[in-house]
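Which chain is which? The protein sequence lines are A and B, in order. Numbering (my numbering) for the first sequence: 40 to 264. Numbering (my numbering) for the second sequence: 23 to 668. These notes are about the structure you will find just below.
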Amino acid sequence: MRVRIKFRKEAEGRFISHLDLLRVVERAVRRAGLKVAHTQGFNPRPRILYASALALGATSEAEYADIDLEVAVPAADVPRRLNSVLPPAVRVTAAAEVSPRAKPLMAVVNAAEYDVLVPVTAAADAVDAAGAAAPDRAAVEAAARGVAARGPAAGVFALEVVGFCPPLLKLRVVLRLGGAGTVRPAAVAAEVCAAAGLLAGVPCLHRRGLYAARGDELLTPWQLG
Amino acid sequence: MEGGRGAPDASPVSLPDDLLLTVERPARYVNGELNAVRKDHGAAAATFALAFPDLYDVGISHQGTHILYDVLNQRDDVAAERAYAPWPDMEALMRRRGIPLYALESRRPLRGFDMVGFSLQYELGYTNVLNMLDLAGIPLLAADRGPGDPLVCAGGVSALNPEPLADYIDFFVLGEAEEALPEVIDAYIAARGVDRRGVLRRLAQVPGVYVPSFYEVTYQPDGRLLAFRPRDAAAPARVRRRLVEDLERAPFPVRPVVPFVEAVHDRGQVEVFRGCTRGCRFCMAGIIYRPVRERSPEKVRQLMLELSRHTGYEELSLGSLSTADYTAAADLVPALARELGAAGCNLSLPSLRADAFSVGLAGAVSRVRKSGLTFAPEAGTERLRRAINKGLTEDDLMRAVEAALAAGWERIKLYFMVGLPTETEADVEAIADFVGRIGAAAKAGRQEGRFSGRPLRLSLSVAPFVPKPHTAFQWEPQLGLSELCARQDAVRRLTRGGRVEFSAHDARASHIEAAFARGDRRLGRVVHEAWRAGAKFDAWSEHFRYQVWLDAFSRVGLDVDFYAGRRREREELLPWDHVDVGVSREFLWAESQRALSGEATPDCRTAGCTGCGLCPAWDVGPRLAVPPGAPGAGGPPGAAGQSACG
Numbered sequence: 040m041r042v043r044i045k046f047r048k049e050a051e052g053r054f055i056s057h058l059d060l061l062r063v064v065e066r067a068v069r070r071a072g073l074k075v076a077h078t079q080g081f082n083p084r085p086r087i088l089y090a091s092a093l094a095l096g097a098t099s100e101a102e103y104a105d106i107d108l109e110v111a112v113p114a115a116d117v118p119r120r121l122n123s124v125l126p127p128a129v130r131v132t133a134a135a136e137v138s139p140r141a142k143p144l145m146a147v148v149n150a151a152e153y154d155v156l157v158p159v160t161a162a163a164d165a166v167d168a169a170g171a172a173a174p175d176r177a178a179v180e181a182a183a184r185g186v187a188a189r190g191p192a193a194g195v196f197a198l199e200v201v202g203f204c205p206p207l208l209k210l211r212v213v214l215r216l217g218g219a220g221t222v223r224p225a226a227v228a229a230e231v232c233a234a235a236g237l238l239a240g241v242p243c244l245h246r247r248g249l250y251a252a253r254g255d256e257l258l259t260p261w262q263l264g
Numbered sequence: 023m024e025g026g027r028g029a030p031d032a033s034p035v036s037l038p039d040d041l042l043l044t045v046e047r048p049a050r051y052v053n054g055e056l057n058a059v060r061k062d063h064g065a066a067a068a069t070f071a072l073a074f075p076d077l078y079d080v081g082i083s084h085q086g087t088h089i090l091y092d093v094l095n096q097r098d099d100v101a102a103e104r105a106y107a108p109w110p111d112m113e114a115l116m117r118r119r120g121i122p123l124y125a126l127e128s129r130r131p132l133r134g135f136d137m138v139g140f141s142l143q144y145e146l147g148y149t150n151v152l153n154m155l156d157l158a159g160i161p162l163l164a165a166d167r168g169p170g171d172p173l174v175c176a177g178g179v180s181a182l183n184p185e186p187l188a189d190y191i192d193f194f195v196l197g198e199a200e201e202a203l204p205e206v207i208d209a210y211i212a213a214r215g216v217d218r219r220g221v222l223r224r225l226a227q228v229p230g231v232y233v234p235s236f237y238e239v240t241y242q243p244d245g246r247l248l249a250f251r252p253r254d255a256a257a258p259a260r261v262r263r264r265l266v267e268d269l270e271r272a273p274f275p276v277r278p279v280v281p282f283v284e285a286v287h288d289r290g291q292v293e294v295f296r297g298c299t300r301g302c303r304f305c306m307a308g309i310i311y312r313p314v315r316e317r318s319p320e321k322v323r324q325l326m327l328e329l330s331r332h333t334g335y336e337e338l339s340l341g342s343l344s345t346a347d348y349t350a351a352a353d354l355v356p357a358l359a360r361e362l363g364a365a366g367c368n369l370s371l372p373s374l375r376a377d378a379f380s381v382g383l384a385g386a387v388s389r390v391r392k393s394g395l396t397f398a399p400e401a402g403t404e405r406l407r408r409a410i411n412k413g414l415t416e417d418d419l420m421r422a423v424e425a426a427l428a429a430g431w432e433r434i435k436l437y438f439m440v441g442l443p444t445e446t447e448a449d450v451e452a453i454a455d456f457v458g459r460i461g462a463a464a465k466a467g468r469q470e471g472r473f474s475g476r477p478l479r480l481s482l483s484v485a486p487f488v489p490k491p492h493t494a495f496q497w498e499p500q501l502g503l504s505e506l507c508a509r510q511d512a513v514r515r516l517t518r519g520g521r522v523e524f525s526a527h528d529a530r531a532s533h534i535e536a537a538f539a540r541g542d543r544r545l546g547r548v549v550h551e552a553w554r555a556g557a558k559f560d561a562w563s564e565h566f567r568y569q570v571w572l573d574a575f576s577r578v579g580l581d582v583d584f585y586a587g588r589r590r591e592r593e594e595l596l597p598w599d600h601v602d603v604g605v606s607r608e609f610l611w612a613e614s615q616r617a618l619s620g621e622a623t624p625d626c627r628t629a630g631c632t633g634c635g636l637c638p639a640w641d642v643g644p645r646l647a648v649p650p651g652a653p654g655a656g657g658p659p660g661a662a663g664q665s666a667c668g
């Protein structure tokens, strides 16, 4: 059977790479006594497929993986069984059985939602030009609207200012994910800041969701076949 | 009370994300790994930082640290944490931001612990010890430490010649520490209100503890030791290494910390036995871990299953100095491999002696994914192998290789040394011939259909011989650097074009290693000079700089070859003579003479007592899972029937 899990990666988990994560989950599955199916061939690997690799440094409340089990278990038991053996940095929040014939998550998930926390300072030339007043929330929201207007065709599904309390700016974005079309949240944040006359530092990312865009709709992995 | 807990600002360090996200593998520097133990320092009567003087990726594979971490944390009154050497990128940031070296679990600075203990595995790690003390803000010299400073101790293999670090270490724990360290903790706790010297005097009473400052060392005009004398009534004339007699009941960590990052040895391990009495004359481990003490196969299986359950490792190994010598291997290994295989785990056997490696074992650990097998013939001719007492014939190795190939193994690595005592050019050339014959036999076997699969990938590693203390060769000079390089090059040339992957261990690093292996405490200043000149991570070829070390020797006014390249006199007072490892000096000398006459010495497990002196002197003996001569007994080949002493 195939079980789809949703999990969090947080706290010191943000310092573990995606490859490290593969090991963490694989070992937890083993400790939990769940019998995973393996690939065939010379170097059998456990059949655990992820929706997307999370960048090092980011936290997430919405990572997904499909696990192929050789021995069926009630999907509702999976979170408890895994959480009882996982290190605190990774927590399974939901699980459901999905069809083994469903397309791989990585092939269908093409959008990601993030909270982007950016340390900002007023850009020197913006301050001079405005005559000593640093950009305010309205200016930032205008800049955000400008970038958001590029729309889904440019990979920007949503973009809003959640908070602006200098020196911190918080944006919520939904951006295209996958291959060459990936729109990086740090890049979008930098553009918004530049348009608003702000200098952006290195942002802190928190992934809030993964989606498959179907027309205007953004479907969660639970809504897929 | 002595120790760092009263230290000002011992509060946890702050590690900003912007710092951690700019270094390589930030997970090396944070906690939260599976099975890490976090305890309240306030509730502890003693806090201990286990410091490994190398990178996290290396240190996390060190079994000794896992054992001591578990032993200490099982106590309610002790909080034990871990610290590793930060890689240069992290160190640079830490120094710039004033972040002192901290322990992972609580992020408290090392200087805030009661004790900091270093595990000494390799002489070239000594600069990292100094660097970690410096990063921690702990005075480097033991003599400079005061009431608010932690007690700095050290143990491990290299501690059996503790002298080169004598200036920097308050006390050493010699030998196997799992019983000694709790005794040290008890003595420390009982010494409340006593001053630093008083605490050390109490600790010196614990068997196995060596306090270097309690001894006075004098030298002859030519540089050799004149005298080595206790100058405190609390100090014994000799310190006996500690030995865990009953390994079966000894604690074993079945919940070791499992790293997030990929470790150098990315697997779990159960120690099946400790010690080895094959008696290879170059090998220090074969002396300092005597007698052989095996765990029962039932215990090994139980520990293995628990370890698997608590770690989820995909590979688990049976660890020892020579696992194929385990007397219960023939029955246990196949059964365990099957049982673990059913749970999705591979069983591996590192450290194999070719003469005990059988078709049965090869098949049992045969797995679809094969990393390769390693054997260490060490010398190219039977004559030289007999001289160094590595009792391995070419037939043994050929059979082992055939067994491996028949079981589907495709990669075999062979270790040899150059610069061995009595070695000639013919012996060196024979290495290439030997390897060539192996390759030819493998090829013939494939052509004749005896093995299928891909062609054998043979790799060959040639390392310079380094004479070690407490061995039959402790009096031998190391061959000169240019000659060592010449011999390595000869093997390289002779094996070129033969589809053999050749590698040579840097002879210059071996030269420095050889000086420290048999050094006296004057070398402490050399370590300091080298460290001040920027030496660190010297065990890493990308960081080791030979000239820095030569300059350090020169500035201190000492000669590398006085230590590395000088033949010791039979009656010379050696810097490690105060360390009693139990094996008699007379035996070691006799072995060195037997090397000259090419006489072999058998293994006392199966061939009867060979007179090393340990068992009668200490009232100990080998403990084997299956007695020799019993049905199903494995173990080293030798004259059966006569049982081992003890």
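For glycine and all other residues, C-beta sits at the position ideal for the given N, C-alpha and C. Keep in mind the model is a prediction, meaning the values are calculated, not measured.
The beta carbon of Y437(B) lies closer than 6 Å to those of A398, S483 in the same chain, with the five residues before and after it left out.
Of the candidates F609(B), S563(B), R544(B), A647(B), the residue whose Cα lies closest to the Cα of T240(B) is R544(B). At a Cβ-Cβ threshold of 8 Å, G301(B) and D625(B) count as neighbours.
Taking E55(B) as reference, the option from I121(B), L173(B), S180(B), F282(B) with the minimal CA-CA separation is F282(B). Where M306(B) is concerned, there is no enclosing beta strand (DSSP E), because DSSP gives it neither an H nor an E.
The alpha-carbon of L503(B) is positioned some 7 Å away from that of R530(B). For N53(B), the chain A residues whose Cβ falls inside 7 Å of its Cβ are E51, in order along the chain. Residue pairing by DSSP places G202(A) opposite K209(A) in a beta bridge.
Under the three-state reduction of DSSP, L325(B) is assigned to helix. With fewer than 16 other CB atoms across the displayed protein chains lying within 10 angstroms of its CB, E470(B) is exposed. With respect to chain A, the C-beta atom of G64(B) has no partner C-beta closer than 8 Å. Interface with chain A (8 Å Cβ-Cβ cutoff): D111(B) is excluded. Residue range 137-141 is occupied by the beta strand (DSSP E) that includes M137(B).
Chain-order list of chain B residues neighbouring V63(A): F282, by C-beta distance under 7 Å. Under the Cβ criterion (8 Å, minimum of three pairs), the segment 152-163 of chain B does not count as touching the segment 87-101 of chain B. For A105(B), the pairing in a beta bridge is given by DSSP as A73(B). Between the segment 311-329 of chain B and the segment 354-361 of chain B there are three or more inter-stretch CB-CB distances shorter than 8 Å, so the stretches are counted as touching.
In this structure, H245(A) keeps its C-beta atom at 8 Å or more from the C-beta atom of S91(A). Residue environment analysis places S83(B) among the buried positions, since at least 16 neighbouring C-beta atoms fall within 10 angstroms of its C-beta. Between G475(B) and E432(B), the CB-CB gap stays under 8 Å.
Taken atom to atom, the span from the alpha-carbon of F304(B) to that of Y237(B) is near 29 Å.
Interface annotation, A111(A): not in contact with chain B, CB-CB separation never under 8 Å. Judged by pairs of C-beta atoms under 8 Å, the segment 585-597 of chain B touches the segment 247-260 of chain B, as three or more such pairs exist.
A distance below 8 Å between beta-carbons, with the five flanking residues on each side excluded, links V648(B) to the following residues of its chain, in chain order: T349, A350, G654, A655, G656, G657. Counting every other CB atom within 10 Å of its CB across the protein chains shown gives A652(B) a total below 16, marking it as exposed. When the Cα atoms are used, V64(A) and A212(B) turn out to be separated by approximately 45 Å. In the three-state scheme derived from DSSP, where H, G and I count as helix and E and B as strand, K465(B) is classed as helix. Here A114(A) is not near A101(A), since their CB atoms are 8 Å or more apart. Pairwise C-beta distances place the segment 249-266 of chain B out of contact with the segment 57-70 of chain B, as fewer than three of them are shorter than 8 Å.
For A629(B), the three-state secondary structure derived from DSSP is helix. Using a Cβ-Cβ cut-off of 8 Å, F54(A) counts as an interface residue toward chain B, since at least one Cβ of chain B sits closer than that to its own. Against chain B, the CB of C232(A) has no partner CB under 8 Å away; the residue lies outside that interface. By the 16-neighbour rule on beta-carbons within 10 angstroms, E46(B) is exposed. Here A561(B) has D76, Y144, L146, G147 as same chain residues with Cβ atoms under 7 Å from its own Cβ, once five neighbours each way along the sequence are excluded. For the segment 199-224 of chain A, the set of residues with a beta-carbon nearer than 9 Å to any beta-carbon of chain B is empty.
Proximity of A128(A) to chain B, defined by a Cβ-Cβ separation below 8 Å, is satisfied.
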